[in-house]
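**Q** Would you mind keeping the following structure in view while I ask a few things?
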Amino acid sequence: MTDIYLGADRATEPEIAAVDAALRAGGIDPVVQPETERLYTSGRARRRERRHFLLPALHALQNMSGWISPGGINYVAEVLDVPPAEAFGVATFYDLFRTEAPSHEGDTFYVCVDAACQIAGYDDLAESVRASGGHVHLGPCLGQCERAPALFVQGSGGRRDYVPADEDPFVLPQAGDPSLRLLRRIGTADPDSLESYLAHGGYVALRRAGEMGAEAVLEAVADSGLSGRGGAAFPTGVKWRAVAAEGGRPKHVVANCDESEPGTFKDRIVMEHDPFAVIEAMTIAGLATGAANGWIYIRGEYPQATARLQGAIEAARAEGLLGPNSAGTGHDFDIAIWRGAGAYICGEETALFNSLEGFRGEPRNKPPFPTTHGLFGEPTAINNPETLLNVGDIIIEGPDAYRQRGTERSPGTKLLCLSGKVGRPGLYEVPFGTTLGTLLDLAGGVAGNGELQAVLMGGAAGSFVGPDSLGLPLTLEDTRAAGTTLGSGVVMVFDTSVDMTAVVVRIAEFFRDESCGQCVPCRVGAVRQHETLVQMQKRGSLSADRRALIDDMAEAMVDASICGLGHTAASAVRSALNLGLIQEAPAA
Amino acid sequence: MTAATITETAVSLRIDGRSVEVAEGSTIHAACVEAGIDTPTLCWAENLTPVNVCRVCVVEMEGSRALVPSCSRPVSDGMVIETDTPRVRHSRKMVLEFLGSGVDLSQADDLHRWMEAYGADPDRYGADDHPVERVEEPVKVQDELYIRDYSKCVLCYKCVEACGDDAQHTFAIAVAGRGFDARISTEFDVTLPDSACVYCGNCVGVCPTGALQFKTEYDLRQVGEWRPDDQSVTRTVCSYCGVGCNLDLHVQDERIVKVTSPSDHSVTSGHLCIKGRFGWQYVHGE
Ligand SMILES: Cc1cc2nc3c(=O)[nH]c(=O)nc-3n(C[C@H](O)[C@H](O)[C@H](O)COP(=O)(O)O)c2cc1C
Ligand code: SF4
Ligand code: SF4
Ligand code: SF4
Ligand code: FES
Ligand code: FES
Chain L
317 MTDIYLGADR ATEPEIAAVD AALRAGGIDP VVQPETERLY TSGRARRRER
367 RHFLLPALHA LQNMSGWISP GGINYVAEVL DVPPAEAFGV ATFYDLFRTE
417 APSHEGDTFY VCVDAACQIA GYDDLAESVR ASGGHVHLGP CLGQCERAPA
467 LFVQGSGGRR DYVPADEDPF VLPQAGDPSL RLLRRIGTAD PDSLESYLAH
517 GGYVALRRAG EMGAEAVLEA VADSGLSGRG GAAFPTGVKW RAVAAEGGRP
567 KHVVANCDES EPGTFKDRIV MEHDPFAVIE AMTIAGLATG AANGWIYIRG
617 EYPQATARLQ GAIEAARAEG LLGPNSAGTG HDFDIAIWRG AGAYICGEET
667 ALFNSLEGFR GEPRNKPPFP TTHGLFGEPT AINNPETLLN VGDIIIEGPD
717 AYRQRGTERS PGTKLLCLSG KVGRPGLYEV PFGTTLGTLL DLAGGVAGNG
767 ELQAVLMGGA AGSFVGPDSL GLPLTLEDTR AAGTTLGSGV VMVFDTSVDM
817 TAVVVRIAEF FRDESCGQCV PCRVGAVRQH ETLVQMQKRG SLSADRRALI
867 DDMAEAMVDA SICGLGHTAA SAVRSALNLG LIQEAPAA
Chain Z
22 MTAATITETA VSLRIDGRSV EVAEGSTIHA ACVEAGIDTP TLCWAENLTP
72 VNVCRVCVVE MEGSRALVPS CSRPVSDGMV IETDTPRVRH SRKMVLEFLG
122 SGVDLSQADD LHRWMEAYGA DPDRYGADDH PVERVEEPVK VQDELYIRDY
172 SKCVLCYKCV EACGDDAQHT FAIAVAGRGF DARISTEFDV TLPDSACVYC
222 GNCVGVCPTG ALQFKTEYDL RQVGEWRPDD QSVTRTVCSY CGVGCNLDLH
272 VQDERIVKVT SPSDHSVTSG HLCIKGRFGW QYVHGE
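Chains as they are written, first to last, in this note's numbering: chain L, 317 to 904; chain Z, 22 to 307.
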């Protein structure tokens, strides 16, 4: 396709300038340059080269005008050679993009309504924002659950996005604890200073990896037993080796920094306070897998983490730690940052690829897997930042020493996000095998009325456990055996004063809102599940017939959905029902 | 897809206890056809790239935790497939039920027998005091050639594929919105005459639910005069240019009411251009 039909609407001068600036920042000139190369992934033909600039271009339009106008879409369509209907389809996929002219002047205030903020009273926050004339948008978890209720401000008229709470002093509950591994630099090293990072042992691991060579690094990572911390716990060594084995095509390392699982904020804190560690670990991954291209896909609601990572990349590049022959390892590696725009599903790895490539963030059917057909259809190692953070220590101290912590099947330490009714909410690091009760004690015990009702493990995609689970060792194997999950490390605490029905109804609504809509079991199932629970909430009870319906729907969502969102959309709901958390639901 | 030809590598698998041989690269669905096993499909068509989104074709595959879409999953040697287990039947039933609970399937004729076979009951959702959300959209009648009634749309992506990479390369329509609010749309929902649409009608040709419908058919249905049983189909070759597209003229009461092209035709794969699709008005001297 060489010519694109455009309607009559034209972009304004500021819109054109904003888009051009975004494209130039990405290293391409905003000229119309038809591109016909085609690439087949997941059975779909797709064009590339410029299309992946669609997301940055849409961000530029949104930021300039407060919405994505028809003229703006036409301009972007023209310079990126994307049909306007498709660009519109992409723009309408994301919560942070508006495709109708805003009814208000000025910035938009996003207030989180998910569980931690629900029980912390988000409505009061929303009311106070409104009272001061701010336009409120209620939405899903903002990844600030430890400081609930949470707020994110989206700038318009060219003003930057910001999070008011970023101005508050940062507190790491375990600060100064000598047993900290992954968190040891957090709050002590200056995140804006490469020098400070180097003074805290930074880049020792990359240089060591350079001396060891790719094969030895792959072996160390495999021997360490490191598994993915993004939720699926896939062995990292296996993934990296598969990518390393691919040849003849460009390869990629992607850091999945989309962190949108309700209750999760660990990656944000790591990125904000130890950004160089993420950059260094990605470079090691590039060296080990033979990938030259690094990508950070970060959720759009994390402006501070984005700025710090960008600063770290530039500083590292200036010192030769990124770029050709990174840190003298003989390997070329560089990193680009891509911002998401508000869509939980874009944390699913294949949805992330589609989103980054400028398509709708709809998951691809697997197989083929990312290790052979990932970003741009090319071999890709995609990892969670916490997973990556482990690699440095594995290289420096060796897999055997690494395995000294944790259990045989869950080696190492785990970051856990404590929120809800707990004494000291925040980010914690404990060795795998620590019991849930010990962790809660470490975090100051149950707050509120002090009586534990339930703990949500693993986030909305996880499940509830009751007070009888305090002895549960937090390992992959023990949580699995107990029918729950560590997932992304969410430990959200509810005392007996919390109305669990409202919490569960909101979880169901979250999935309804966040389903990409591609496959029937999830697109419709998530809606019907939510409706059934709302009906229950109104009536104050759930009939046996409706309970059976929930199980019927859940079974189909688990069995026939395309991706993990549909597979887990009924998990927390059913665990709450099984635990009797909402049996005698009070009428709302 | 037929039996493995001599030049292709054959793959053998077991489906419902029977061994089946098909060419390498075939899908499980093709193998089911080979074995004479009837499988429901909705988003799959032989002239389109599989998108595997509707999930009505799922089967059980040994070694896989979840069910797999038969329409897109390639066979491999030694695969063991079950197509009629309680799990398979349940998921297929739920997919059909979910669809029926949210959109108007009254003209999705192919689905009716499957809904019956699996006992799908779309009415068991919601309650009198708690109606379920459905897709309710006014019918878009924006020209004399075809209409769009998205309250019948199952989001099978077929029209998008036919308008895009798989046939027409016009990209006038795409999926917009997310989740249950996702709809097939032009940019900013502009009318078809204001969009890139070139009126090839290929989207209409592949739509399985009547959401996209030729205006002739729509008008006749409005007055209760659409009578497929009284229609004859005549195969001819389009006379507008030298390409040689096969046309099937559907005639009711001595008038052409619809033009299609066989999807297995080597020239068209079922797809036409505006002239072949809509240029027959001259036959009636209009
Ligand atoms: C709906 C959904 C959302 C996800 N969100 C994230 C996320 O925000 N961050 C993440 O690292 N992984 C997320 N994942 C898991 C990724 O698909 C993938 O498994 C992970 O990034 C791999 O990295 P790891 O092996 O280091 O864990 C999500 C999965 C699903 C199904
Ligand atoms: S399971 Fe849900 S989120 Fe995943 S592809 Fe299907 S509709 Fe999209
Ligand atoms: S008629 Fe042709 S060009 Fe128009 S929307 Fe349908 S497939 Fe696309
Ligand atoms: S309009 Fe028809 S072809 Fe297009 S997605 Fe809807 S049902 Fe499928
Ligand atoms: S920020 Fe509100 S639940 Fe995470
Ligand atoms: S026909 Fe296979 S998923 Fe739709």
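Built from N, CA and C at the ideal position, the CB exists for glycine as well.
What does the Cβ neighbour count give for LEU454 of chain L, buried or exposed, with the cut at 16 atoms within 10 Å?
**A** For the purposes of this step, residue 454 of chain L is identified with residue 138 of the first sequence, where counting begins at 1. That one is exposed.
**Q** Look up THR666 of chain L in the DSSP assignment and say whether it is helix, strand or coil.
**A** Within the first sequence, the letter at position 350 stands for residue 666 of chain L. Residue state, collapsed to three classes: helix.
**Q** With H, G and I counted as helix, E and B as strand and the rest as coil, what does DSSP make of ASP336 of chain L?
**A** Working through the first sequence from its first residue, we reach residue 336 of chain L at position 20. In the structure shown, ASP336 of chain L sits in a helix (DSSP, three-state: H, G or I).
**Q** Indicate whether LEU734 of chain L and VAL807 of chain L have their beta-carbon atoms separated by less than 8 angstroms.
**A** Here residue 734 of chain L is taken as the residue at index 418 of the first sequence, counted from 1. Here residue 807 of chain L is taken as the residue at index 491 of the first sequence, counted from 1. In contact: LEU734 of chain L and VAL807 of chain L (Cβ atoms closer than 8 angstroms).
**Q** With a threshold of 8 angstroms between beta-carbons, can MET82 of chain Z be considered close to chain L, or not?
**A** Counting from 1 along the second sequence, the entry for residue 82 of chain Z is found at position 61. Chain L contact via Cβ: absent.
**Q** For a cutoff of 8 angstroms on Cβ pairs, would you count HIS375 of chain L as touching chain Z?
**A** The residue you call residue 375 of chain L lines up with position 59 of the first sequence. No, its Cβ sits nowhere closer than 8 angstroms to a Cβ of chain Z.
**Q** At a Cβ threshold of 8 angstroms, is ASN681 of chain L touching chain Z?
**A** Here residue 681 of chain L is taken as the residue at index 365 of the first sequence, counted from 1. At least one chain Z Cβ lies under 8 angstroms of ASN681 of chain L.
**Q** Less than 7 angstroms between C-beta atoms, sequence neighbours within five positions excluded: which residues of the same chain meet that for GLY833 of chain L?
**A** Looking up residue 833 of chain L in the first sequence gives position 517. Once the five neighbours on either side are set aside, the close Cβ partners of GLY833 of chain L are ARG839.
**Q** Is it buried or exposed for THR696 of chain L, if we count other Cβ within 10 angstroms and need 16 for buried?
**A** If you number the first sequence from 1, residue 696 of chain L lands on position 380. Buried.
**Q** Can you pull every residue whose C-beta falls closer than 6 angstroms to some heavy atom of ligand 3, listed in chain order?
**A** For ligand 3, the selected residues are Z:ALA183, Z:CYS184, Z:GLN189, Z:THR191, Z:ALA193, Z:ILE194, Z:CYS218, Z:VAL219, Z:TYR220, Z:CYS221, Z:GLY222, Z:ASN223 and Z:CYS224.
**Q** Note down, in chain order, every chain L residue with its Cβ under 8 angstroms from the Cβ of MET115 of chain Z.
**A** If you number the second sequence from 1, residue 115 of chain Z lands on position 94. Going along chain L in sequence order, the residues near MET115 of chain Z (Cβ under 8 angstroms) are PRO837, GLY841, ASP868, MET869, GLU871, ALA872 and ALA876.
**Q** What do you reckon, is the C-beta of TYR167 of chain Z under 7 angstroms from a heavy atom of ligand 4?
**A** Locating residue 167 of chain Z in the second sequence gives position 146, counting from the first residue. Because no heavy atom of ligand 4 lies under 7 angstroms away, the Cβ of TYR167 of chain Z does not count as near it: no.
**Q** Exposed or buried, what is GLU421 of chain L when buried is set at 16 or more other beta-carbons lying within 10 Å of its beta-carbon?
**A** Looking up residue 421 of chain L in the first sequence gives position 105. Exposed: under 16 other Cβ atoms inside 10 Å.
**Q** Could you please give me the residues that DSSP links to TYR744 of chain L through a beta bridge?
**A** Position 428 of the first sequence, counted from the first residue, corresponds to residue 744 of chain L. In the DSSP output, where bridge partners are listed per residue, TYR744 of chain L has L:LEU732.
**Q** Given the structure, does CYS177 of chain Z come close to ligand 4, in the sense that its CB is under 7 angstroms from one of the ligand's heavy atoms?
**A** Within the second sequence, numbered from 1, the residue matching residue 177 of chain Z stands at position 156. Indeed, a heavy atom of ligand 4 lies less than 7 angstroms from the Cβ.
**Q** Provide the residue span of the beta strand (DSSP E) that contains GLY455 of chain L, from first to last.
**A** Counting from one through the first sequence, the residue named residue 455 of chain L turns up at place 139. It spans 451–455 - the beta strand (DSSP E) in which GLY455 of chain L sits, taken as one unbroken run.
**Q** Between GLU67 of chain Z and chain L, is any beta-carbon pair separated by less than 8 angstroms?
**A** Your numbering for residue 67 of chain Z matches position 46 in the second sequence. Chain L contact via Cβ: absent.
**Q** Under the three-state reduction of DSSP, which class applies to PHE826 of chain L: helix, strand or coil?
**A** In the first sequence, counting from the first residue as 1, residue 826 of chain L sits at position 510. Note: PHE826 of chain L maps to helix in three-state DSSP.
**Q** In the DSSP assignment, find the unbroken beta strand (DSSP E) run with GLU81 of chain Z in it and report its ends.
**A** As a first step, residue 81 of chain Z is located in the second sequence; it is residue number 60 there, counting from the start. Here the beta strand (DSSP E) through GLU81 of chain Z covers 79–82.
**Q** Between THR552 of chain L and VAL533 of chain L, how many whole angstroms is the CB-CB distance? I'm expecting something under 8 angstroms.
**A** In the first sequence, the residue the question calls residue 552 of chain L occupies position 236. In the first sequence, the residue the question calls residue 533 of chain L occupies position 217. Going by Cβ atoms, the distance from THR552 of chain L to VAL533 of chain L rounds to 11 angstroms, so no, they are not a contact pair.
**Q** If we require 4 or more residues per run, which alpha helix (DSSP H) segments fall completely within the stretch 187–251 of chain Z?
**A** As far as the stretch 187–251 of chain Z is concerned, its whole alpha helix (DSSP H) runs of at least 4 residues are 223–227 and 236–243.
**Q** Any chance the CB of THR698 of chain L is under 7 angstroms from a heavy atom of ligand 1?
**A** Within the first sequence, numbered from 1, the residue matching residue 698 of chain L stands at position 382. Sequence check: residue 698 of chain L is Ile here, not Thr. Yes - ligand 1 has a heavy atom lying nearer than 7 angstroms to the Cβ of ILE698 of chain L.
**Q** Please list the residues of the stretch 390–409 of chain L that have a C-beta atom closer than 9 angstroms to any C-beta atom in chain Z, keeping them in chain order.
**A** If the cut-off is 9 angstroms between Cβ atoms, the stretch 390–409 of chain L has ASN390, ALA393, VAL398, PRO399, PRO400, ALA401, GLU402, ALA403, PHE404, GLY405, VAL406, ALA407, THR408 and PHE409 near chain Z.
**Q** At which residue ranges does the stretch 378–456 of chain L contain complete alpha helix (DSSP H) runs of 4 or more residues, listed in the order of the chain?
**A** The qualifying runs are 386–396, 400–407, 431–435 and 438–447.
**Q** Closer than 7 angstroms: is that where the CB of LEU625 of chain L sits relative to any heavy atom of ligand 5?
**A** The residue you call residue 625 of chain L lines up with position 309 of the first sequence. Because no heavy atom of ligand 5 lies under 7 angstroms away, the Cβ of LEU625 of chain L does not count as near it: no.
**Q** How would you label ALA129 of chain Z, buried or exposed, when you count the other beta carbons within 10 angstroms and need 16 or more for buried?
**A** Mapped onto the second sequence, residue 129 of chain Z falls at position 108. So ALA129 of chain Z counts as buried.
**Q** Heavy atom of ligand 4 less than 7 angstroms from the Cβ of PRO489 of chain L, yes or no?
**A** If you number the first sequence from 1, residue 489 of chain L lands on position 173. Incorrect: PRO489 of chain L has no Cβ contact closer than 7 angstroms to ligand 4.
**Q** Check whether the Cβ of GLY774 of chain L sits closer than 7 angstroms to any heavy atom of ligand 5, and report yes or no.
**A** Against the first sequence, residue 774 of chain L aligns to sequence position 458. False, no ligand heavy atom lies under 7 angstroms from that Cβ.
**Q** What would DSSP say about ARG363 of chain L, mapped onto helix, strand or coil?
**A** For the purposes of this step, residue 363 of chain L is identified with residue 47 of the first sequence, where counting begins at 1. Any reading at ARG363 of chain L is ruled out, since the residue's pLDDT is 40, under 50, leaving its predicted position unreliable.
**Q** Residues in the same chain with beta-carbon distance under 6 angstroms from GLU55 of chain Z, minus the five sequence neighbours each way, listed in chain order, please.
**A** Position 34 of the second sequence, counting from 1, holds the residue named residue 55 of chain Z. VAL41 and VAL43, listed in sequence order.
**Q** From THR352 of chain L to CYS78 of chain Z, what distance separates their C-alpha atoms?
**A** As a position in the first sequence, residue 352 of chain L is number 36, starting the count at 1. As a position in the second sequence, residue 78 of chain Z is number 57, starting the count at 1. Any reading at THR352 of chain L must be qualified, since the residue scores a pLDDT of 33, below 50, and its modelled position is unreliable; the value itself is stated next. Going from the Cα of THR352 of chain L to the Cα of CYS78 of chain Z covers about 34 angstroms.
**Q** Alpha carbon to alpha carbon, what distance is there between VAL398 of chain L and VAL392 of chain L?
**A** Here residue 392 of chain L corresponds to residue number 76 of the first sequence, with the count starting at 1. Here residue 398 of chain L corresponds to residue number 82 of the first sequence, with the count starting at 1. So the two alpha carbons sit approximately 8 angstroms from each other.
**Q** Under the assumption that GLY779 of chain L contacts ALA888 of chain L (Cβ atoms under 8 angstroms), give the Cβ distance between them as a whole number of angstroms.
**A** On the first sequence, position 463 is the one that residue 779 of chain L refers to. On the first sequence, position 572 is the one that residue 888 of chain L refers to. Residue identity check: residue 779 of chain L is Ser in the sequence provided, not Gly. Correct: roughly 5 angstroms between the Cβ atoms.
**Q** Whole angstroms is fine: what's the gap from ASN699 of chain L's alpha carbon to ALA597 of chain L's?
**A** The residue you call residue 699 of chain L lines up with position 383 of the first sequence. The residue you call residue 597 of chain L lines up with position 281 of the first sequence. Approximately 10 angstroms, taken between the alpha carbons.
**Q** Relative to the alpha-carbon of CYS433 of chain L, which residue among L:ALA621, L:VAL814 and L:ASP829 has its alpha-carbon at the smallest distance?
**A** Within the first sequence, numbered from 1, the residue matching residue 433 of chain L stands at position 117. Of the candidates L:ALA621, L:VAL814 and L:ASP829, the one whose C-alpha sits nearest the C-alpha of CYS433 of chain L is L:VAL814.
**Q** If we require 3 or more residues per run, which beta strand (DSSP E) segments fall completely within the stretch 26–88 of chain Z?
**A** Runs found: 31–36, 39–44 and 79–82.
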